[in-house]
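For reference, the structure discussed in these notes is given below.
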Amino acid sequence: MFTFVFLICMFGIFGRLIGFAFDMAWGLTKVLFTLVFLPLIILFFLFKGLLYIAIPILAVVGLATLFKSLDARV
Numbered sequence: 258m259f260t261f262v263f264l265i266c267m268f269g270i271f272g273r274l275i276g277f278a279f280d281m282a283w284g285l286t287k288v289l290f291t292l293v294f295l296p297l298i299i300l301f302f303l304f305k306g307l308l309y310i311a312i313p314i315l316a317v318v319g320l321a322t323l324f325k326s327l328d329a330r331v
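Start counting at 1 in the sequence shown, then tack on 257, and there's your number in my numbering.
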């Protein structure tokens with residue numbers, strides 16, 4: 258009986274910690290892609306002469322960021 262209670266408590270505690278770890282990893286991945294990979298991709302398009310692809314990507318990301326920041330204020 259005590260083993261069963263111990264297992265339930267262990268899964269509760271470590272399950273919550275695993276959930277926090279996944280949330281933190283997801284947040285770190287979003288920051289990494291936003292601050293590192295997206296500017297590198299846009300610069301790659303710019304240097305390769307693919308400005309007609311880089312400008313719409315930049316506009317879409319800029320508008321999405323603008324609307325997300327306006328939504329966060331409300």
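Don't be surprised by glycine CBs; every beta carbon is placed ideally from N, CA and C.
In terms of residue numbering, what span does the alpha helix (DSSP H) encompassing residue 294 cover?
Numbered from 1 along the sequence shown, position 37 holds the residue referred to as residue 294. Careful: residue 294 lies outside any alpha helix (DSSP H) and carries neither H nor E.
Quick one: does residue 303 have its CB under 8 Å from some CB of chain C?
Note that chain C does not occur in the displayed structure, where there is just one protein chain.
What are the start and end residues of the alpha helix (DSSP H) that includes residue 272?
The residue labelled residue 272 in the question sits at position 15 within the sequence shown. 259 to 289 is the extent of the alpha helix (DSSP H) around residue 272.
Residue 262 to residue 281, Cα distance in whole Å?
Translated into the one-based positions of the sequence shown, residue 262 becomes position 5. Translated into the one-based positions of the sequence shown, residue 281 becomes position 24. Each residue's Cα considered, the two are about 29 Å apart.
Which value, in whole angstroms, describes the spacing of the CA atoms of residue 301 and residue 293?
Locating residue 301 in the sequence shown gives position 44, where the first residue counts as 1. Locating residue 293 in the sequence shown gives position 36, where the first residue counts as 1. Cα-Cα distance, rounded: 12 Å.
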